[in-house]
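Protein chains in written order, with the working numbering: chain A, 91 to 302; chain B, 80 to 263.
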């Protein structure tokens, strides 16, 4: 009984993050909760890198069994003309022990429903195992990675929750990184900027989409 | 059902043949084998761009699920007032922030959850010079957002709330692909 209450209390405290653990109820068990999205210039500044992290707050032990789902499509949406509608998508989905990538390509339809155009296949990479050297692949100027990584996000979420809850009036100095020592399931793709449309700036967002 | 089963058997048979015949004549060929099934329709469940926006501005439970299943082009109209009410609840004294945005302008910008990314220069959430030109791994995005929510027009208001004093990740990032640090 006491153990049960303690668990509920801890679960309440651990809630939320950057977007960690905001998984829609419908996605429970489907590995579809996005924790963070990054978009930055690559080591080769002719390229942009997109990283989409899912399944936040994985302990090292939990990471050993964490998996991508074959029913969850991870989609990077790219808007070239500032109307917040995707002009290009990059899609990633697991099949077997590999992550397959499509695009950047113009989707046949925009919005909440997507299909995968196999003619837009751009590469694949073996999903890296926990604790192993990361496996990457390169194809047509693009680079691909999928597997467990350290969560790059850092935030004293615990103290922020205490402030919101009225039990603290400010942050501590130094703060405590709630995400220290935790992992995510990461998908990283590096793309030549020339494949991302002719405009000088983009609007980017990630979605997870579940197979119906 | 029977037809589907037959179809599956056919696919499996074909897969075997194709796999068998696709010899190792092109080591660089990472393209998808034509036999892997990618059919079907996939429907949006989660959406994310700017860090922590959903977490801070949308209530837990059903509202969060609904926000996550909304496409960005529909977000501005639907969520600007929700964000503004939340902003004023977080900081009742909000007037403008360090970007000179009043509550309606600031929340109007935030409610459409997309990440602005430059293709022509440095990519950073904010580095003192560049504003919202991307999001790099090491960017202290939380401090930027706290400053804009709580810091007032000069960034000097509510000093206990404008930084969480966690300024860096707990592992060093890599300089080369895949850039993220190895798992713990």
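All C-beta atoms in this analysis are idealised placements derived from N, C-alpha and C, irrespective of residue type, glycine included.
Cβ neighbours of residue i in the same chain (closer than 7 Å, five flanking residues each side left out)
i	result
residue 141 of chain B	none
residue 210 of chain A	192, 193, 195
residue 240 of chain A	273
residue 226 of chain A	215, 233, 234, 235
residue 160 of chain B	none
Rounded Cβ spacing between residue i and residue j (contact assumed at less than 8 Å)
i	j	result
residue 220 of chain B	residue 204 of chain B	5 Å
residue 121 of chain A	residue 175 of chain A	About 27 Å separates the two Cβ atoms, so there is no contact after all.
residue 168 of chain B	residue 294 of chain A	In fact, because the Cβ distance is near 29 Å, the residues do not count as touching under 8 Å.
residue 252 of chain B	residue 242 of chain A	7 Å
residue 164 of chain A	residue 277 of chain A	6 Å
residue 229 of chain B	residue 170 of chain B	5 Å
residue 192 of chain A	residue 212 of chain A	6 Å
residue 303 of chain A	residue 197 of chain A	Outside the displayed range of chain A (91 to 302) lies residue 303 of chain A, so it cannot be described from this structure.
residue 258 of chain A	residue 127 of chain A	29 Å between Cβ atoms; not a contact.
residue 157 of chain A	residue 119 of chain B	Not a contact, Cβ separation roughly 19 Å.
residue 279 of chain A	residue 148 of chain A	Their Cβ separation, rounded to whole angstroms, is 21 Å, which puts residue 279 of chain A and residue 148 of chain A out of contact at 8 Å.
residue 133 of chain A	residue 254 of chain B	6 Å
residue 124 of chain A	residue 292 of chain A	With 8 Å as the limit, residue 124 of chain A and residue 292 of chain A do not qualify as a contact, their Cβ atoms being about 18 Å apart.
residue 261 of chain A	residue 144 of chain B	29 Å between Cβ atoms; not a contact.
residue 129 of chain A	residue 196 of chain B	5 Å
Own chain, CB closer than 6 Å to residue i, minus 5 neighbours either side, in chain order
i	result
residue 189 of chain A	182, 215, 217, 236
residue 136 of chain B	162, 165
residue 285 of chain A	194
residue 250 of chain B	260
residue 229 of chain A	213
residue 182 of chain B	163, 166, 173
residue 138 of chain A	281, 283
residue 126 of chain B	147
residue 143 of chain A	125, 126, 274, 276
Selected residue, minimal CA-CA separation from residue i, among the options
i	options	result
residue 290 of chain A	B/199, B/211, B/232	B/199
residue 271 of chain A	B/176, B/234, B/248, B/119	B/248
residue 177 of chain A	A/166, A/147, A/186, A/187	A/166
residue 214 of chain B	A/125, A/131, A/123	A/131
residue 258 of chain B	A/124, A/173, A/233	A/233
residue 224 of chain B	B/117, B/240, B/195	B/240
residue 184 of chain B	B/162, B/124, B/207	B/162
residue 160 of chain A	B/155, B/202, B/190, B/121	B/121
residue 287 of chain A	A/180, A/143, A/124, A/152	A/180
residue 177 of chain B	B/150, B/207, B/190	B/207
residue 266 of chain A	A/251, A/247, A/283	A/247
residue 133 of chain B	B/115, B/114, B/191	B/191
residue 262 of chain B	A/140, A/153, A/141	A/153
residue 115 of chain B	A/170, A/207, A/250	A/207
residue 124 of chain B	A/186, A/184, A/202, A/142	A/202
residue 179 of chain B	B/117, B/245, B/231, B/126	B/231
residue 202 of chain B	A/263, A/170, A/140	A/140
residue 188 of chain B	B/209, B/218, B/151, B/217	B/151
residue 186 of chain B	B/149, B/245, B/157, B/237	B/157
The alpha helix (DSSP H) enclosing residue i, as first and last residue numbers
i	result
residue 251 of chain A	247-254
residue 135 of chain B	132-136
residue 167 of chain B	151-169
residue 190 of chain B	182-190
residue 221 of chain B	220-229
residue 238 of chain B	Residue 238 of chain B -> no alpha helix (DSSP H), and no H or E assigned at all.
residue 150 of chain A	150-153
Segment limits, beta strand (DSSP E) that includes residue i
i	result
residue 235 of chain A	232-240
residue 147 of chain B	Note, residue 147 of chain B: premise wrong, no beta strand (DSSP E); alpha helix (DSSP H) at 141-147.
residue 171 of chain A	Per DSSP, residue 171 of chain A belongs to no beta strand (DSSP E) and is neither H nor E.
residue 192 of chain A	188-195
residue 278 of chain A	273-282
residue 132 of chain A	It is not in any beta strand (DSSP E) - residue 132 of chain A carries neither H nor E in the DSSP assignment.
residue 126 of chain B	121-127
residue 160 of chain A	Counting along the chain, residue 160 of chain A falls outside any beta strand (DSSP E), and DSSP gives it neither H nor E.
residue 228 of chain A	227-229
residue 214 of chain A	211-216
residue 302 of chain A	First-last for residue 302 of chain A: undefined, no H or E at that position.
residue 118 of chain B	Premise fails: residue 118 of chain B is in no beta strand (DSSP E) and is neither H nor E.
residue 185 of chain A	178-185
residue 259 of chain B	Per DSSP, residue 259 of chain B belongs to no beta strand (DSSP E) and is neither H nor E.
residue 245 of chain B	Where residue 245 of chain B is concerned, there is no enclosing beta strand (DSSP E), given that its DSSP letter is neither H nor E.
Cross-chain neighbours of residue i in chain E, by beta carbon under 8 Å
i	result
residue 194 of chain A	Checking the listed chains, one finds no chain E in this structure; the protein chains it contains are A and B.
Close Cβ partners of residue i (< 8 Å) along its chain, the five nearest in sequence each way excluded
i	result
residue 226 of chain B	176, 177, 234, 241, 242
residue 217 of chain B	247, 248, 252
key: Members of the stretch 268-289 of chain A near chain B, C-beta cut-off 8 Å   = For the stretch 268-289 of chain A, which is checked against every Cβ of chain B, the residues closer than 8 Å are 269, 270, 271, 272, 273, 276, 278, 280, 283, 286, 289.
query = Can you list, in chain order, the residues of the stretch 210-231 of chain B whose Cβ is nearer than 7 Å to any Cβ on chain A?
reply = So the list reads 213, 214, 215, 216, 221, given in the order they occur along the chain.
request  = Scan the stretch 144-157 of chain B for residues whose Cβ lies nearer than 7 Å to a Cβ of chain A and list them as they occur along the chain.
outcome  = Per Cβ criterion, the list reads 144, 147, 148, 150, 151, 152.
task = Could you please tell me which residues of the stretch 192-216 of chain A, in chain order, have their CB closer than 9 Å to any CB of chain B?
result = If the cut-off is 9 Å between Cβ atoms, the stretch 192-216 of chain A has 192, 200, 201, 202, 203, 204, 205, 206, 207, 208, 211, 212, 213, 214, 215 near chain B.
query = the stretch 233-251 of chain B: which residues have C-beta closer than 9 Å to a C-beta of chain A, in chain order?
reply = Here the close residues are 237, 238, 239, 240, 241, 242, 243, 244, 245, 246, 247, 248, 249, 250.
key: Positions along the stretch 115-138 of chain B whose CB lies within less than 7 Å of some CB in chain A   = Hits within the stretch, in order: 115, 117, 119, 120, 121, 122, 123, 124, 125, 126, 127, 128, 130, 131, 133, 134.
task = Could you please tell me which residues of the stretch 186-203 of chain B, in chain order, have their CB closer than 9 Å to any CB of chain A?
result = The residues in question are 191, 192, 193, 194, 195, 196, 197, 198, 199, 200, 201, 202, 203.
query = For the stretch 153-184 of chain B, which residues have a beta carbon sitting closer than 7 Å to at least one beta carbon of chain A?
reply = Hits within the stretch: zero.
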